[in-house]
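The structure under discussion appears below in the form of structure tokens.
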Amino acid sequence: MQSTAQGFKLIKKIKDDRFDEENLHQYHLLVQLGVRDFQVAVIDSTDNRILFFEDYVLGDLNSHEELLAQIKVLFDSHPVLQAGFWKDVRVSIKNTKFVQVPAPLFVAEAAAEYLQFNAHLDSTREDILICKQASLLVTTVFAIQKDLHAWLLELYKNTHLYIVHQSAALIEGVLEAAKNSTRKPLYIYVDRFKLHILYVEQGKLIYYNQFLIKQFSDYVKYIMLVLKSLAMDQNTSEVILWGYIGKNSPHYQEFIKYVRNVKFGGRPSVLTFGYLFDEVQEHHFLDLYSIHLLHPVP
């Protein structure tokens, strides 16, 4: 499955010795789908151990139709993704068509109106979904392409399927990381071609936004902008960093010239990882892992 001729490339795969296809009924399947990448994780519900992990980069695409066709090829060639008897399946959508609404103000009938503040919607091609999270004080409203939505519903019609948004998972992951901290750092997730910035105070989300990144200088620009808006100092304020940036990479070395007090974040503490995951840096894939922290409510 590493052939780019198929339009995707498997970057990393880990399979724990304990993974057993006979036990899929007790496993949670986590899937994260973006326009340029795709991740899979399988978690054993009995001990919250991650047993299976894959990270793919998708090929250059010119349309949503090409993306869906590529995803279908990937699924067709995959040994377990099309199985229909998981304990549950949680699919996280990575896109920019979303909005966070304070839970006390949320009215389901107004979902489209909330979303139109942030995105142009095509009701003939897109469905609007809602991700309510019991532990959060916000409700995520987001769009998904109708054909993708219908395909997922059909594929996983015999199991419990939850479709969520990347932003909700990241928020939950950061809140979990912050719950035992008395400090007030800025939390940053460096995604492929995007930057997510969050701020939490007294266990509550105060700030969340994502920014499109076209060149490295954009990272510094947006971080400085947010630090200033929150009255934080670039030299003394603590910054917790996750994502696609290496500890020894030139980008990180350049980054810490501007933001001094930087530490790398870790994995969600509720999950356990076997020794095979030692080859994956702990600050990678927070968004994927944090899908497991979401417990969507009707």
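When the letters of the sequence shown are read in order and numbered with our numbering, they come out as residues 30 to 327. For glycine and all other residues, C-beta sits at the position ideal for the given N, C-alpha and C.
Do Leu58 and Val118 come within 7 Å of each other at the CB atom, strictly closer than that value? Translated into the one-based positions of the sequence shown, residue 118 becomes position 89. Translated into the one-based positions of the sequence shown, residue 58 becomes position 29. Yes, the Cβ-Cβ distance between Val118 and Leu58 is below 7 Å.
For Ala70, which residues does DSSP report across the bridge? Counting from one through the sequence shown, the residue named residue 70 turns up at place 41. Looking at the DSSP output, Ala70 bridges to Leu59 and Phe82.
Give me, in chain order, the residues of the same chain whose beta-carbon lies closer than 7 Å to that of Ala34; leave out the 5 immediate sequence neighbours on both sides. Counting from one through the sequence shown, the residue named residue 34 turns up at place 5. With a pLDDT of only 46 at Ala34, under the threshold of 50, the placement of this residue in the model should not be trusted; the figure read from the coordinates follows. Non-local beta-carbon contacts of Ala34 in its own chain, meaning distances under 7 Å to residues more than five positions away in sequence, are absent.
Suppose contacts are defined by Cβ-Cβ distances below 7 Å. Is Gly294 in contact with His312 by that definition? The residue you call residue 294 lines up with position 265 of the sequence shown. The residue you call residue 312 lines up with position 283 of the sequence shown. Yes, these two residues count as a Cβ contact at 7 Å.
Consider the Cβ of Gly303: report whether some Cβ of chain D lies at a distance smaller than 7 Å. Note that chain D does not occur in the displayed structure, where there is just one protein chain.
Just to confirm, is the Cβ distance from Val322 to Glu201 under 7 Å? Working through the sequence shown from its first residue, we reach residue 322 at position 293. Working through the sequence shown from its first residue, we reach residue 201 at position 172. It is worth fixing the name first, because residue 322 is Leu in this sequence and not Val. Leu322 is a Cβ neighbour of Glu201, given a cutoff of 7 Å.
Pick from Asp66, Tyr191, Leu256 and Gln282 that is closest to Leu87, judged by C-alpha positions: Locating residue 87 in the sequence shown gives position 58, where the first residue counts as 1. Of Asp66, Tyr191, Leu256 and Gln282, the smallest CA-CA separation from Leu87 is found for Asp66.
Quick one, which of His54, Ile235 and Thr169 has its alpha-carbon nearest Val255's? Start at 1 with the first residue of the sequence shown, and residue 255 comes out as number 226. For Val255, the nearest C-alpha among the options comes from Ile235.
To the nearest angstrom, how far is the alpha carbon of Lys186 from that of Asp105? On the sequence shown, position 157 is the one that residue 186 refers to. On the sequence shown, position 76 is the one that residue 105 refers to. Rounded to whole angstroms, Lys186 to Asp105 spans 17 Å at the Cα level.
In angstroms with no decimal places, state the Cα-to-Cα distance between Leu53 and Phe302. Taking the first residue of the sequence shown as position 1, residue 53 is located at position 24. Taking the first residue of the sequence shown as position 1, residue 302 is located at position 273. Their backbone Cα atoms lie some 18 Å apart in a straight line.
From Pro214, Arg78, Gly232 and Val249, residue whose alpha carbon lies closest to that of Leu224: Here residue 224 is taken as the residue at index 195 of the sequence shown, counted from 1. Among Pro214, Arg78, Gly232 and Val249, the Cα nearest to that of Leu224 belongs to Val249.
Write down every uninterrupted run of the alpha helix (DSSP H) in the stretch 191 to 276 whose length is 4 residues or greater and which is fully enclosed by it, in chain order. Listed in chain order, they are 195 to 207 and 245 to 258.
Given that a residue counts as buried once 16 or more other Cβ atoms are within 10 Å of its Cβ, and exposed if not, what is Gln174? In the sequence shown, residue 174 corresponds to position 145, counting from 1. With 16 or more other Cβ atoms inside 10 Å of its own Cβ, Gln174 counts as buried.
Please work out which residues of its chain come closer than 7 Å, Cβ to Cβ, to Ala197, disregarding the five sequence neighbours upstream and downstream, and give them in chain order. On the sequence shown, position 168 is the one that residue 197 refers to. The answer, listed in chain order, is Cys160, Gln162, Thr169 and Leu323.
Buried/exposed call for Phe171, threshold 16 Cβ in 10 Å: Counting from one through the sequence shown, the residue named residue 171 turns up at place 142. Burial is judged here by how many other beta carbons sit within 10 angstroms of a residue's own beta carbon; Phe171 has at least 16 and is buried.
Based on Cα-Cα distance, which residue from Ser298, Phe81 and Ala98 lies nearest to Val203? Against the sequence shown, residue 203 aligns to sequence position 174. Checking every option, the nearest Cα to that of Val203 belongs to Ser298.
Could you check whether the stretch 141 to 158 touches the stretch 203 to 221, counting it as contact only if at least three pairs of C-beta atoms, one from each stretch, sit closer than 8 Å? In this structure the stretch 141 to 158 does not touch the stretch 203 to 221; the number of beta carbon pairs closer than 8 Å is below three.
Consult DSSP for Lys116 and reduce its assignment to one of helix, strand or coil. Taking the first residue of the sequence shown as position 1, residue 116 is located at position 87. In this structure, Lys116 counts as coil in the three-state DSSP scheme.
Residues near Glu83 in its chain [Cβ-Cβ closer than 6 Å; skip 5 each side]: On the sequence shown, residue 83 is found 54 positions in, with the first residue counted as 1. Excluding residues within five positions, the ones whose Cβ falls inside 6 Å are Lys42 and Val69.
Would you mind stating whether Ala141 and Ile122 have Cβ atoms separated by less than 7 Å? As a working mapping, residue 141 is identified with position 112 in the sequence shown. As a working mapping, residue 122 is identified with position 93 in the sequence shown. Taking the C-beta atoms as reference points, Ile122 is found no nearer than 7 Å to Ala141.
Can you tell me the Cα-Cα spacing of Phe240 and Thr125, whole angstroms? For the purposes of this step, residue 240 is taken as the residue at position 211 of the sequence shown. For the purposes of this step, residue 125 is taken as the residue at position 96 of the sequence shown. In a straight line, the C-alpha of Phe240 is about 9 Å away from that of Thr125.
Secondary structure of Glu155, DSSP reduced to three states: For the purposes of this step, residue 155 is taken as residue 126 along the sequence shown, with counting starting at 1. In the three-state reduction of the DSSP assignment, Glu155 falls in the strand class, which pools E and B.
According to DSSP, is Lys126 helix, strand or coil? Residue numbering aside, residue 126 sits at position 97 when the sequence shown is read from its first letter. Note: Lys126 maps to coil in three-state DSSP.
Cβ neighbours of Gln31 in the same chain (closer than 7 Å, five flanking residues each side left out): The residue you call residue 31 lines up with position 2 of the sequence shown. With a pLDDT of 49 at Gln31, under the threshold of 50, the predicted position of this residue should be treated as unreliable, and no value is reported.
Would you list the one or two residues that DSSP bridges to Thr301? Numbered from 1 along the sequence shown, position 272 holds the residue referred to as residue 301. For Thr301, which the question treats as bridged, DSSP gives the partners Arg78.
Could you work out which residue in Leu80, Val64 and Asp73 is closest to Asn91 when comparing CA atoms only? The sequence position of residue 91 within the sequence shown is 62, counting from 1. Ranking Leu80, Val64 and Asp73 by CA distance to the CA of Asn91 puts Val64 first.
Since Leu62 and Val128 should fall inside the 8 Å C-beta cutoff, what is the C-beta to C-beta distance between them, to a whole number of angstroms? Numbered from its first residue, the sequence shown carries residue 62 at position 33. Numbered from its first residue, the sequence shown carries residue 128 at position 99. Going by Cβ atoms, the distance from Leu62 to Val128 rounds to 19 Å, so no, they are not a contact pair.
Close Cβ partners of Leu300 (< 8 Å) along its chain, the five nearest in sequence each way excluded: Against the sequence shown, residue 300 aligns to sequence position 271. Closer than 8 Å at Cβ, skipping near neighbours: Ile72, Asn77, Arg78, Ile79, Tyr318 and His321.
According to DSSP, simplified to helix, strand and coil, what is Val291? Position 262 of the sequence shown, counting from 1, holds the residue named residue 291. Look at Val291 here: in three-state DSSP terms it is strand.
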